[in-house]
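To start, the structure itself, in structure tokens.
Residue numbers (our numbering): 8 to 289.
Right under this line is the structure:
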């Protein structure tokens, strides 16, 4: 029987990291590439969506080369990514704008506006207070860049941008897995759905929000064009993936209530597993 392997790709703030694993979980090969951050003005921090795609392709190809396996032996691939920043696509699933990093502070007035207008309700429904995350950033684009906002078909994460391009998705097939939605500012996280109440409260057309899916959902298969970029076989399944902190929890074995883990990345994170939904009121 031919051995099978899995690939996981982490689309981080400063680096893209890929790992090739035997189906039993043993690490076989890994590679990483730096991802540029752009600072066009004070307080503005952006990234290029296609930098995520190209560095993912480079690191995956390197893993295949180092391992010596055949591309057809890869059973599936999935991506995780930084969580609080937000990207956008046009009708052709191409970048509508640069990726708005979680380090970018332009949305600060809209953090205050969301908090003043319905902060308690945002926390109750999404689980997270307004901060430099999707909600205030989306409102910034809506109010400060209305012409560019009109060109946006969907808001997407780095993970869903890369996976969508690998699989040839259309804009109406864009997705976001549910581990991201507490950062959205517009979710009903208990129901794993978008909140009509919050969208109406802030005047957001919910059509600009992607479908919410499970992390393990197969969103498509690698296209012939992407197979050349990544060095993988066309038709290889691509899973939705998840946020980087969710991936850390699973990788660290934090899968039972009461377990905690600490992440020392570009952002420091202390997270815990609970039996039920708990809004982060602090």
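Cβ atoms here follow ideal geometry from the backbone N, Cα and C, with glycine treated the same way.
Q: Could you tell me the distance, in whole angstroms, from the CA atom of residue 26 to the CA atom of residue 275?
A: Residue numbering aside, residue 26 sits at position 19 when the chain shown is read from its first letter. Residue numbering aside, residue 275 sits at position 268 when the chain shown is read from its first letter. Their backbone Cα atoms lie some 22 Å apart in a straight line.
Q: Mark residue 223 as exposed unless 16 or more other C-beta atoms lie within 10 angstroms of its C-beta, in which case mark it buried.
A: By one-based count along the chain shown, residue 223 stands at place 216. Label assigned to residue 223: exposed.
Q. If you count every other CB in all the chains shown that lies within 10 Å of the CB of residue 198, and 16 or more means buried, which is it?
A. Residue numbering aside, residue 198 sits at position 191 when the chain shown is read from its first letter. Flag for residue 198 reads exposed.
Q | Chain-order list of residues whose beta-carbon lies under 6 Å from that of residue 141 (same chain, five-residue window excluded) | A | As a position in the chain shown, residue 141 is number 134, starting the count at 1. Excluding sequence neighbours, residue 141 sits near 93, 190, 191, 192.
Q. Would residue 229 pass as a contact of residue 245 if the rule is Cβ separation under 8 Å?
A. To locate residue 229, count along the chain shown from 1; it is residue 222. To locate residue 245, count along the chain shown from 1; it is residue 238. A contact, by the Cβ cut-off of 8 Å.
Q. Which runs of the alpha helix (DSSP H) spanning at least 4 residues fall entirely within the segment 205-281, listed in chain order?
A. 231-237, 251-258
(Q) Tell me the residue span of the alpha helix (DSSP H) that contains residue 156. (A) As a first step, residue 156 is located in the chain shown; it is residue number 149 there, counting from the start. It spans 153-158 - the alpha helix (DSSP H) in which residue 156 sits, taken as one unbroken run.
Q: Select from 14, 33, 38, 55 the residue whose C-alpha is nearest the C-alpha of residue 168.
A: For the purposes of this step, residue 168 is taken as the residue at position 161 of the chain shown. If we check each option's Cα against that of residue 168, 55 comes out closest.
**Q.** Beta-carbon proximity check, residue 268 vs residue 261, cutoff 8 Å
**A.** Reading the chain shown from its first residue, position 261 is the one you call residue 268. Reading the chain shown from its first residue, position 254 is the one you call residue 261. A contact, by the Cβ cut-off of 8 Å.
(Q) My assumption, with CB atoms under 8 Å, is that residue 107 sits in contact with residue 17. Please give the rounded CB distance. (A) By 1-based counting over the chain shown, the position of residue 107 is 100. By 1-based counting over the chain shown, the position of residue 17 is 10. Contact flag wrong, Cβ pair sits at about 20 Å.
Q: Consult DSSP for residue 24 and reduce its assignment to one of helix, strand or coil.
A: Here the question's residue 24 lines up with position 17 in the chain shown. Strand at residue 24.
Q: Whole angstroms is fine: what's the gap from residue 292's alpha carbon to residue 172's?
A: Since the first residue shown for the chain is 8 and the last is 289, residue 292 is missing from the structure and cannot be characterised.
Q. What residues in its chain sit with their C-beta under 6 Å from that of residue 239, if we drop five residues either side in the sequence?
A. Walking along the chain shown from the start, residue 239 turns up at place 232. These residues qualify, in order along the chain: 78, 81, 229.
Q | residue 96, DSSP secondary structure in three states | A | Here residue 96 corresponds to residue number 89 of the chain shown, with the count starting at 1. Residue 96: strand per DSSP, three-state reduction.
Q.
Please report the distance separating the alpha-carbon of residue 5 from that of residue 221.
A. In the structure as shown, the chain starts at 8 and stops at 289, and residue 5 therefore has no counterpart that could be examined.
Q) Taking Cβ positions, are residue 20 and residue 63 nearer each other than 8 Å? A) One-based indexing of the chain shown puts residue 20 at position 13. One-based indexing of the chain shown puts residue 63 at position 56. Not in contact: residue 20 and residue 63 (Cβ atoms no closer than 8 Å).
Q | Rounded separation between residue 158 and residue 103 - CA only | A | For the purposes of this step, residue 158 is identified with residue 151 of the chain shown, where counting begins at 1. For the purposes of this step, residue 103 is identified with residue 96 of the chain shown, where counting begins at 1. When only Cα atoms are considered, residue 158 and residue 103 end up about 7 Å apart.
Q. In whole angstroms, what is the alpha-carbon distance linking residue 201 and residue 129?
A. Along the chain shown, read from residue 1 onward, the residue named residue 201 stands at position 194. Along the chain shown, read from residue 1 onward, the residue named residue 129 stands at position 122. Residue 201 and residue 129: Cα-Cα distance of roughly 12 Å.
Q. Considering only the beta carbon of each residue, do residue 194 and residue 203 sit closer than 8 Å?
A. Residue numbering aside, residue 194 sits at position 187 when the chain shown is read from its first letter. Residue numbering aside, residue 203 sits at position 196 when the chain shown is read from its first letter. Remark: C-beta atoms of residue 194 and residue 203 do not approach each other more closely than 8 Å.
Q: Could you check how far apart the C-beta atoms of residue 36 and residue 73 are, in whole angstroms? I think they sit under 8 Å.
A: Locating residue 36 in the chain shown gives position 29, counting from the first residue. Locating residue 73 in the chain shown gives position 66, counting from the first residue. Confirmed, about 4 Å.
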